[in-house]
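Here is the structure we will look at, set down as C-alpha cells.
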Amino acid sequence: MIDLQTYSNWVADKLKNSIVEPFNFTLNNLNFELFIKRDDLIHPIISGNKLRKLKYNVLAANKNECQRIVTFGGAYSNHILATAFLCVEFSIPLTVMVRGDELNENSNKILSFCSSNGIDLIFLTRNRYLELKRMNGVEYWLNEKCWFIP
Numbered sequence: 010m011i012d013l014q015t016y017s018n019w020v021a022d023k024l025k026n027s028i029v030e031p032f033n034f035t036l037n038n039l040n041f042e043l044f045i046k047r048d049d050l051i052h053p054i055i056s057g058n059k060l061r062k063l064k065y066n067v068l069a070a071n072k073n074e075c076q077r078i079v080t081f082g083g084a085y086s087n088h089i090l091a092t093a094f095l096c097v098e099f100s101i102p103l104t105v106m107v108r109g110d111e112l113n114e115n116s117n118k119i120l121s122f123c124s125s126n127g128i129d130l131i132f133l134t135r136n137r138y139l140e141l142k143r144m145n146g147v148e149y150w151l152n153e154k155c156w157f158i159p
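Here this note's numbering is used: the first residue of the sequence shown is 10, the next is one more, and so on.
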C-alpha cells in the first residue's frame, strides 16, 4: 500500500517536533515544575494525538494488505482532516463516513478539502453512522479489503 520506510521517516520527523517544555510556578509559597508535552507542534494539520493514532492504523492497514482506509467523523472533525491529509500525502485511498445525511461536500472547508483531494465522502444518518462505526479492523467493503478506523 505504501513505502514503509518513507512513511516511517516522515512520521519520525514530525514527532521530533513534539518537545517537552518545563513550566515553573509558585503557588502558596510552594515551587512547582511541570513538564508539558507539546504535541500541538507535531504538524499544523495532524497535531495532538492524531498522528500517534494514525501512525499505527496506517501500519496495520499496510500489514493486512488493505487497499483502502475507512474512517468516521462529524463534519467538523479534526480527525477527518488529519486522516485525509495523511492519506493524500501518501496516496492512500480513503473513504470517510460523515455523520449527517443533510450535509454535502461543500458544507465546510474540511469536507471541501476532502472532496477536492479525491476522498470518498459518504453522508449517513446518525443511526446508520453508529451502526457502521462499530466495525473495526479488516473488513471487505466496496469490493476492497479495507482497514476501518472508528
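Where is the CB? At the ideal position from N, CA and C, for every residue including glycine.
Here Asn71 has Met10, Ile11, Leu13 as same chain residues with Cβ atoms under 7 Å from its own Cβ, once five neighbours each way along the sequence are excluded. Put simply, the stretch 58-69 touches the stretch 89-105. At least three CB pairs are less than 8 Å apart. As DSSP reads the structure, Val107 sits in a beta bridge with Gly82, Phe132. Rounded to whole angstroms, the separation of the alpha carbons of Asn136 and Asp49 is 33 Å.
Going by beta carbons, Ile158 and Asn66 fall inside the 8 Å limit.
Setting aside the 5 residues that flank it on each side, Ser121 is surrounded in the same chain by Glu114, Asn115, each with a C-beta closer than 8 Å to its C-beta; the list follows chain order. According to the DSSP assignment, Lys154 belongs to no alpha helix (DSSP H) but to the beta strand (DSSP E) extending over 153-158.
Glu148 carries a strand assignment under DSSP once its states are collapsed to helix, strand and coil. Per DSSP, the continuous beta strand (DSSP E) segment holding Glu42 begins and ends at 39-46. For Tyr138, the number of other beta carbons within 10 angstroms of its own is at least 16, and it is reported as buried. Residue pairing by DSSP puts Asn33 in a beta bridge opposite Glu42. Burial check for Thr15: the Cβ neighbour count within 10 Å stays below 16, so the residue is exposed. When secondary structure is reduced to three states using DSSP, Arg143 falls in the coil class, being assigned neither helix nor strand.
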